[in-house]
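Trainee: Structure below; questions to follow.
Protein chains: 2
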Amino acid sequence: MATRAAPAPTSTPAELSATDALAQLSFLIHGTLERRAAEHKLSMIQTRLLGVLRDRTPSVNELAKLLLLDKSSVSGLVDRAERRGLVTRVRSTEDRRAVLVSLTDAGRSLVASVSGQFEADVAAILEGLPRSDRQALSRLVGRVLVAHASDHGVDLFG
Amino acid sequence: MATRAAPAPTSTPAELSATDALAQLSFLIHGTLERRAAEHKLSMIQTRLLGVLRDRTPSVNELAKLLLLDKSSVSGLVDRAERRGLVTRVRSTEDRRAVLVSLTDAGRSLVASVSGQFEADVAAILEGLPRSDRQALSRLVGRVLVAHASDHGVDLFG
DNA sequence: TATTGTTATACTCTATAACTATA
DNA sequence: TATAGTTATAGAGTATAACAATA
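These protein sequences, in sequence, are chains A and B.
Heads up: the first sequence at position 46 corresponds to 46 in the working numbering, and the numbers run straight through without jumps.
Heads up: the second sequence at position 86 corresponds to 86 in the working numbering, and the numbers run straight through without jumps.
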């Protein structure tokens with residue numbers, strides 16, 4: 001956990017390894033989204049569900065693969081989101097076993113709020129750096145992501 | 001959520017804003033720890049509990065503040081960790097209402113494993129960069145952390 | 001009276017197994 | 001038979017409220 005950054009996020013030592021620094025920043029940013037979502041009574045998994053649905057109308061089965069959950073877990077997740085009026089279920093006409101899940105207007109509006117606030121939060125965290133440093137950071141992190149993706153057979157720019 | 005990095009982590013576009021890049025990397029790193037912990041049948045919160053206990057023997061009340069949980073939640077958390085032999089409870093002699101929680105040898109060993117593997121994972125992710133770039137990244141992220149901490153009244157280097 | 005910790009209760013989240021209805 | 005989805009069940013994790021023991 002990069003010394004104590006993850007399980008026990010603590011103070012920032014004068015000297016940080018790149019590993020420690022990245023771990024600490026990651027938990028800071030993750031926690032930021034968690035808090036924003038909680039303000040809207042959303043858990044992280046409900047937030048991810050809404051996020052996934054922004055540009056898709058997947059079946060329960062496809063959702064299970066996207067969210068790395070069992071289909072029964074997705075069933076319950078969608079139940080609770082549906083009860084709150086955030087998503088709807090529609091029986092597929094092509095395969096009448098399948099159920100397609102999509103955002104309601106309320107769901108779309110909610111995920112847009114959380115999303116916007118989170119982006120602003122991250123931007124605010126980065127405001128500690130002058131613009132040229134932000135660009136340098138962006139370039140370096142972009143390279144890490146590209147390298148990691150290619151190591152894992154992910155198709156970038158697809 | 002930095003476009004779709006958080007709720008719907010997807011591909012890496014050719015051009016990433018610093019915000020998007022940081023968000024994507026953060027969720028990559030957080031997910032890395034989550035997977036490592038899960039291999040040891042540890043949830044994130046159990047992992048954080050063990051992490052906090054590495055250099056402390058706090059009361060249940062203090063744990064609740066450190067983990068940002070209600071004391072009743074901590075009570076259950078410690079119950080389950082104790083049942084697995086990872087932590088022990090000792091009644092405080094100074095204040096006989098208080099219960100002090102500490103790691104067992106098994107708990108300490110387990111958290112060391114997860115910690116070590118996670119650090120190696122993050123280091124591996126960073127290996128996509130040449131050493132000079134890693135140093136630059138570390139310096140930039142360190143500055144972000146310092147700036148954020150000072151904005152929030154956190155005492156660094158304490 | 002105030003504080004520490006536990007317990008009772010209720011809800012979310014998760015998986016496994018069994019079931020229904022399609023294919 | 002195989003697949004899609006739901007339901008029953010069990011357990012972790014969380015909070016609120018009520019309680020016992022100690023301060």
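Every residue gets a Cβ at the ideal spot worked out from N, C-alpha and C, and that includes glycine.
Over what stretch of residues does the alpha helix (DSSP H) that includes residue 36 of chain A continue unbroken?
Mentor: In the first sequence, residue 36 of chain A corresponds to position 36, counting from 1. Counting along the chain, the alpha helix (DSSP H) containing residue 36 of chain A begins and ends at 18-39.
Trainee: Consult DSSP for residue 50 of chain A and reduce its assignment to one of helix, strand or coil.
Mentor: Residue numbering aside, residue 50 of chain A sits at position 50 when the first sequence is read from its first letter. Helix.
Trainee: If the cut is a Cβ gap below 8 Å, which residues of chain B does residue 166 of chain A touch?
Mentor: Since the first residue shown for chain A is 1 and the last is 158, residue 166 of chain A is missing from the structure and cannot be characterised.
Trainee: Looking at C-alpha atoms only, which residue of A:131, A:129 and A:140 is the closest neighbour of residue 134 of chain B?
Mentor: Within the second sequence, numbered from 1, the residue matching residue 134 of chain B stands at position 134. Considering only alpha carbons, the answer is A:140.
Trainee: Return the Cβ separation of residue 78 of chain A and residue 87 of chain A in integer angstroms, given the expectation that the two are a contact with Cβ distance under 8 Å.
Mentor: In the first sequence, the residue the question calls residue 78 of chain A occupies position 78. In the first sequence, the residue the question calls residue 87 of chain A occupies position 87. Their Cβ separation, rounded to whole angstroms, is 6 Å, which keeps residue 78 of chain A and residue 87 of chain A in contact under 8 Å.
Trainee: On a CA-only basis, which of B:108, B:37 and B:69 is nearest residue 56 of chain B? Give me that one, please.
Mentor: Position 56 of the second sequence holds residue 56 of chain B. When each option's Cα is compared against that of residue 56 of chain B, the closest is B:108.
Trainee: Short check: CB of residue 63 of chain B to CB of residue 101 of chain B, under 8 Å?
Mentor: In the second sequence, residue 63 of chain B corresponds to position 63, counting from 1. In the second sequence, residue 101 of chain B corresponds to position 101, counting from 1. In this structure, residue 101 of chain B lies closer than 8 Å to residue 63 of chain B by Cβ.
Trainee: With which residues is residue 59 of chain B paired in a DSSP beta bridge?
Mentor: Position 59 of the second sequence holds residue 59 of chain B. DSSP, once it has assigned bridges, lists B:100 as partnering residue 59 of chain B.
Trainee: Is any beta-carbon of chain A found at less than 8 Å from that of residue 142 of chain B?
Mentor: On the second sequence, residue 142 of chain B is found 142 positions in, with the first residue counted as 1. By this cut-off, residue 142 of chain B is an interface position.
Trainee: Is there a C-beta anywhere in chain A that falls below 8 Å from the one on residue 128 of chain B?
Mentor: Here residue 128 of chain B refers to the residue found at position 128 of the second sequence. Judged by the 8 Å Cβ criterion, residue 128 of chain B is in contact with chain A.
Trainee: Measuring only the C-alpha atoms, how far is residue 128 of chain B from residue 122 of chain B?
Mentor: Here the question's residue 128 of chain B lines up with position 128 in the second sequence. Here the question's residue 122 of chain B lines up with position 122 in the second sequence. So the alpha carbons of these two residues sit roughly 11 Å apart.
Trainee: The alpha helix (DSSP H) spanning residue 89 of chain B covers which residue range?
Mentor: Indexing the second sequence from 1 puts residue 89 of chain B at position 89. Note, residue 89 of chain B: premise wrong, no alpha helix (DSSP H); beta strand (DSSP E) at 87-91.
Trainee: Are the Cβ atoms of residue 219 of chain B and residue 21 of chain A separated by less than 8 Å?
Mentor: Missing from the structure shown is residue 219 of chain B; chain B here goes from 1 to 158 and no further.
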